[in-house]
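Each remark here refers to the structure printed beneath this line.
2 protein chains.
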Amino acid sequence: MTVEPNDRKLLYEEWASYSVFYKYQPVGLIRKYFGEKVGLYFAWLGVYTQMLIPAALVGVVVFLYGCASVDDNIPSMEICDARNNITMCPLCDQACSYWKLTDACGTARASHLFDNPATVFFSIFMALWAVLFMEHWKRRQMRLNYIWDLTGFGEEEEDHNRAEYEFRVMKKSLKKEQSTPKGEKVKLTCTDRIPAYVTTLSVMFFMILVTFAIVFGVILYRISIKAALHMSSYPAARANIRATVKTTAAIINLIIIIIMDEVYAAVARWLTAKEVPKTDKSFEERLIFKTFTLKFVNAFTPIVYLAFFRGRLVGRPGAYLYVVGSYRMEECAHAGCLMELCIQLCITMLGKQLIQNNLFEIGIPKLKKLLRRRKSELDGRSEEDRLKSLKRHEKDMILGPFVGLSPEYMEMIIQFGMVTLFVASFPLAPLFALLNNIIEIRLDAKKFVTELRRPIAAKARDIGIWYNLLRGLSKVAVIVNAFVISFTSDFIPRLVYQYMYSPDGSMHGFVNHTLSYFNVADFQPGTAPLSPNNLGYPVQVCRYKDYREPPGSSTQYELSKEFWAILAARLAFVIVFQNVVMLMSDFVDWLIPDIPKDISLQIHKEKILVVELFMKEEQGRRLALRENHHQDNCCTSPSPGPDSLPQPRPRPLSHSHC
Amino acid sequence: MTVEPNDRKLLYEEWASYSVFYKYQPVGLIRKYFGEKVGLYFAWLGVYTQMLIPAALVGVVVFLYGCASVDDNIPSMEICDARNNITMCPLCDQACSYWKLTDACGTARASHLFDNPATVFFSIFMALWAVLFMEHWKRRQMRLNYIWDLTGFGEEEEDHNRAEYEFRVMKKSLKKEQSTPKGEKVKLTCTDRIPAYVTTLSVMFFMILVTFAIVFGVILYRISIKAALHMSSYPAARANIRATVKTTAAIINLIIIIIMDEVYAAVARWLTAKEVPKTDKSFEERLIFKTFTLKFVNAFTPIVYLAFFRGRLVGRPGAYLYVVGSYRMEECAHAGCLMELCIQLCITMLGKQLIQNNLFEIGIPKLKKLLRRRKSELDGRSEEDRLKSLKRHEKDMILGPFVGLSPEYMEMIIQFGMVTLFVASFPLAPLFALLNNIIEIRLDAKKFVTELRRPIAAKARDIGIWYNLLRGLSKVAVIVNAFVISFTSDFIPRLVYQYMYSPDGSMHGFVNHTLSYFNVADFQPGTAPLSPNNLGYPVQVCRYKDYREPPGSSTQYELSKEFWAILAARLAFVIVFQNVVMLMSDFVDWLIPDIPKDISLQIHKEKILVVELFMKEEQGRRLALRENHHQDNCCTSPSPGPDSLPQPRPRPLSHSHC
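Going line by line, the protein sequences match chains A and B. Quick note: to get the working numbering, add 11 to the position in the first sequence (first position is 1). Quick note: to get the working numbering, add 11 to the position in the second sequence (first position is 1).
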């Protein structure tokens, strides 16, 4: 596998430029220049990006369907209809006052974009898409294995121990010297690692708690800001309270996530080092596993909160749930939290990708390079002629070192999570991912070709642990989507209303059905709004979004029968959805063979050829022996003959008299 | 692989006798005498039986726990307590009258044996057990592959086409003769098979309908008999109505199942033949798939009905559900249908196994043998000296032909289904299976050694499609058990009552809570009992097992809030159970490597050895060549020399001057 001097140039022109973004990558050349491991990464990235195209298309269609159908969506129409004026209970104590449901018109219309039957179809589609992606990759990998001639290559080759490990072993053996007899193999047992494991567990647990704490902090920020804005006298500020709060909060979340990501990476590395894994392979795997866990929790905690807890822990008017002192847990906009979930996802994905790509993947390396050059400039000679005098490999010393593929993979896996896990609430995710990846590929290419020292070529048959992580994610995605559809969106309540409660089988009256009544006399002292008459008329009864008994009934404000019926429907939907999708996935998985037909045929053919070859060889040798023997018989010159050879002696029956 | 004359005798003594039931099977010898395929079957059967031992033990413990805790089980105590006399609504129209709940005391106590918290634990245990069994078998298979030296052996070897297929192809090519040009390969496309597929689908659909019809017929039988018995004047008859009906019905079911099994086997074979599969392998797989589907449906429809539909489609007093004319759908005994499910399972398993084993596996072959002998006796000479004069293989002609392993496997798979699918309702299933299999192994052994002609040894690496079927079953088992626990048993209602409704957090008052009130004035005309005062006092209000609004409420007799709450709890339990168990299974699956450590080491070592060997060989040959060459130089006699050999000519650099 020699490298012509112009390979790198070729890569630079054919691969590492945005002008060829629409072309397939020259995977063979990449592998030739960077080795199998890097080659597989880019091959995988290519397949992933390619598979994202259909997903993005369908996603856009679904989104457009939402846009098109927003005007004939009865619930949002009813919300926006000023004629049925519904007085809602205040959203915060004292400062806030009663408000008209029509104020939520905008949100309601917007959230229909992401909360319509099409999203259900789309999340089923994406679940199957994930399986197809796996299968497609498996086949591609198999093909590459065959083309790159790795079929015979096992993993055992590269498991020599790490220096740190040997060092630990040596220390241990020295310690044991006096106690144990000589000559017995010393190795690190689990017991030696226990302290490290304990540290790992506790630290990771702590880190996850930190994440939760941060998320909770952001919630508190949201609540307090909202309250403050409500108090503020500027009508302008109060007008777009929600928007302001949502966006700022989301951005804060984003920044925190990006900062913590770096912290977590360092922590994971430190923990893994403490564990003293035996081989580089196991070191890498342990590191990846830790990093993944932390980054995953970090990236998805806020989203999970928004999707499943936001607005469910609010209590009810007159008995609100208060956290840290007098903060009331925040409610959702009228039409469910789906909207906010969307914004969060959108900002996280876009922001994360833009910032990480630009800042971390372009900015930092350039900066480092610059610094290195500055440093090297300190010695007197001027840059140009010095560079001229330098050889290629000397020049390349200025480049940054190659830190492994894990960060690249990690970024993609988290993105894959975004694309699959909450796709039910944000059908545009695949599109964003696609756009990002088209840039990403060339960005990484540039980085590898121009900004990093050439990595030492490493052999690999597959993408290793990453495949398992992908598989795990796509399994979790099914259940998460099931829950998003049935609990976060209003899909199930709408169905239930239509088929159980609606007088004429239509959606008319749905909004009214989802709102419970509250007698303003039942406000706890000090929580009633200060300006009760802001709407211009005295309010006796206000409404809130929940299924509870009306005031005056024997069990007033308790969860009503409707609540339980709808809950049952939601859970039933989860069961059906999960099992149907899993069944379909297994079916697809079973339908598509892991090894492409032509490849398996090729392999089979070659196996036969090899056998035949050996047969002939054997035969040939036997003939040769007979020859030798024959010569022994008739040749007078004393010759060492075949006896000296490490070969079986010719059998007597092969005598041939001359 | 030569066979000593005494192998068969050895097998007969060491394997095919009940006296050695506690011993491991001589798998090596079996494989040596019958070939890999049969060897694998018995190895698998052995592993399965072995794995059943712990399952049976735990099952017995669970059952004993049920027995022990029956006396301090509050619900059944309350049912049996004569002091709180609860008047139940009649179980059938007119003929039946009101009855006291205390009459259901026996059933309630009995059903506690199978409806206690321990069964929940047990079904989780069995789900994991199934996974462990799979893993264990995979490892065993791998080991056998290694010992039997099959690691290199691929499946491609035995795919020559079947005669029927070739015949069809020939006919087709003749038909096409005139139309298409010569020389192009004719093969059966999907289009040629479409009619066959259509037939298959329709026939199988029809067959499944037949099964359902039969089950429904049995239900009607139950209902009508019950009614008849109620009318009958014999107090004796009326006393043990339930028992009679249950048992007779179960037995009828059993008989039908056994008969239909044979029918279905024939149908499946016929259908597969019509499809004209290409290779024997595909023929077998298609056949197995069909047979499995039909037999599975046949065996489990009655059980599924009992578990999930029985007693749920009854309607309510005053608005019962009537089928075919005036038959009221049957209700369950008071404490759920679990008891009847148990009886059904028990009878099916025991009966099926006993009858099938004795009748089909011992009786029929013996009969056939006898007949064959009779026939052969018809020619004059007497049996003894004729047999004496005969050679072994001639004598063996009297034996029955070998029909393949599918029936054996099928029986076991269905049993595996019984053991895993409904284990939540019948913890003794593994024990029954274990006892059956201990006999089964030796029975099959005897059959193979003494009653069947020696099969042609066939090579196989694994048990093929059967493994997938097992895997599928153990996946389905999880969800089925979840449903059995949450819907068939009273586990969830008890929990909900205890934590939501119970005044003092105990189970006291549970029975009362599960019973709704019915005002006897609301009976539809002609359905009220003829003898209303049989209990000695006039009845205004009777109770029935359901969660419905009491009479007099605004929505009387409608499903109550409790019903929906409990339904939600049940569904939630299903989701939690399924996902937790699946997670644990995946974890176990991931924890246990498929290939035993020692084996993988061995294989790796051997690979290296082979490589070294080739190296040496190569070297040796080069030496040999140099030798030849040397001889050519110094030997005067004209010799064909190495040129005639199919070997590379010695390179010039290997010249050695003498």
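We put the beta carbon where it would ideally sit given N, CA and C, even for glycine.
Beta-carbon proximity list for residue i, same chain, < 8 Å, skipping 5 on both sides
i, result
"Arg154 (chain A)", "Pro607 and Ile610"
"Ala27 (chain A)", "Arg453, Ala456, Lys457, Phe459, Val460 and Thr461"
"Gln589 (chain A)", "Val489, Ile490 and Ala493"
"His519 (chain A)", "Ile85, Glu89 and Ser513"
"Leu21 (chain A)", "Pro37 and Leu40"
"Tyr29 (chain B)", "Ile450 and Arg453"
"Ile409 (chain B)", "Lys380, Arg383, Arg384 and Ser387"
"Glu146 (chain A)", "Val599, Asp600, Ile603 and Asp605"
"Ile267 (chain A)", "Ile225 and Val229"
"Ala440 (chain A)", "Gly70, Leu356, Met360, Met429, Val430, Phe433 and Val434"
Range of the contiguous alpha helix (DSSP H) that encloses residue i
i, result
"Tyr52 (chain A)", "Glu47 to Ser80"
"Gln152 (chain B)", "Pro128 to Ile158"
"Pro86 (chain A)", "Ile85 to Cys91"
"Pro441 (chain B)", "Ala440 to Lys457"
"Lys363 (chain B)", "Leu349 to Ile366"
"Trp575 (chain B)", "Lys572 to Leu602"
"His404 (chain B)", "Arg403 to Asp407"
"His519 (chain B)", "Segment: none, His519 (chain B) is in no alpha helix (DSSP H) and carries neither H nor E."
"Ser485 (chain A)", "Ile476 to Phe494"
"Leu506 (chain A)", "Phe502 to Val507"
"Thr538 (chain B)", "Per DSSP, Thr538 (chain B) belongs to no alpha helix (DSSP H) and is neither H nor E."
Same chain only: Cβ atoms within 6 Å of residue i, ignoring 5 sequence neighbours per side
i, result
"Lys149 (chain B)", "Asp605"
"Tyr59 (chain B)", "none"
"Cys646 (chain A)", "Confidence in Cys646 (chain A) is poor, its pLDDT being 43 and thus under 50, which makes the residue's placement too unreliable to answer from."
"Ile675 (chain A)", "Nothing can be reported for residue 675 (chain A), as the shown portion of chain A is limited to 12 through 669."
"Ile474 (chain A)", "Leu51 and Trp55"
Bridge partners - residue i, DSSP secondary structure assignment
i, result
"Phe529 (chain A)", "A:Cys553"
"Trp110 (chain B)", "B:Met99"
"Val334 (chain A)", "A:Tyr338"
"Thr290 (chain A)", "A:Asn172"
"Arg179 (chain B)", "Paired residues: none, contrary to the question."
"Gly411 (chain A)", "A:Leu463"
"Arg323 (chain B)", "Looking at the DSSP assignment, Arg323 (chain B) forms no beta bridge with any residue, so it has no partner."
"Asn559 (chain B)", "It is Arg, not Asn, that sits at residue 559 (chain B) in the sequence shown. Paired residue(s): B:Leu570."
Beta-carbon contacts of residue i that lie in its chain and below 7 Å, excluding the five residues immediately before and after
i, result
"Ala121 (chain B)", "Met350"
"Val131 (chain A)", "Ile496 and Phe502"
"Thr566 (chain A)", "Glu560"
Exercise for review: Give, in chain order, every residue of the region 567 to 595 of chain B whose Cβ lies closer than 7 Å to some Cβ of chain A.
Suggested key: Lys572, Trp575, Ala576, Leu578, Ala579, Leu582, Ala583, Val585, Ile586 and Asn590
Review point. Any chance the region 485 to 493 of chain A sits against the region 426 to 435 of chain A, with 3 or more Cβ pairs inside 8 Å?
Key: yes
Exercise for review: Below 9 Å between beta carbons is the criterion; list the residues of the region 129 to 147 of chain B that meet it against any residue of chain A, in chain order.
Suggested key: none
Check your understanding: Given 8 Å as the limit, is there contact between the region 527 to 540 of chain B and the region 66 to 77 of chain B, that is, 3 or more CB pairs closer than that?
Key -> no
Review point. If we count Cβ pairs, one from each stretch, closer than 8 Å, do we get three or more for the region 416 to 424 of chain B versus the region 36 to 55 of chain B?
Key: yes
Check your understanding: What residues in the region 459 to 480 of chain B have a beta carbon less than 9 Å from any beta carbon of chain A?
Key -> Asn479
**Study point:** Under 7 Å (Cβ pairs) to chain B, residues found in the region 597 to 622 of chain A
**Key:** His615
Review point. For the region 422 to 444 of chain A, which residues have a CB atom closer than 9 Å to at least one CB atom of chain B, in sequence order?
Key: none
Exercise for review: Would you check if there are 3 or more beta carbon pairs closer than 8 Å linking the region 213 to 225 of chain A to the region 319 to 327 of chain A?
Suggested key: no
Review point. Which residues, in order along the region 490 to 519 of chain A, keep a beta-carbon less than 8 Å from a beta-carbon of chain B?
Key: Ile490
Review point. Are there three or more Cβ pairs, one per stretch, closer than 8 Å when the region 302 to 322 of chain A is compared with the region 270 to 280 of chain A?
Key: yes
Exercise for review: Compile a chain-ordered list of the residues in the region 626 to 640 of chain A whose CB is closer than 9 Å to at least one CB of chain B.
Suggested key: Lys627, Glu628, Gln630, Gly631, Arg632, Leu634, Ala635, Leu636, Glu638 and Asn639
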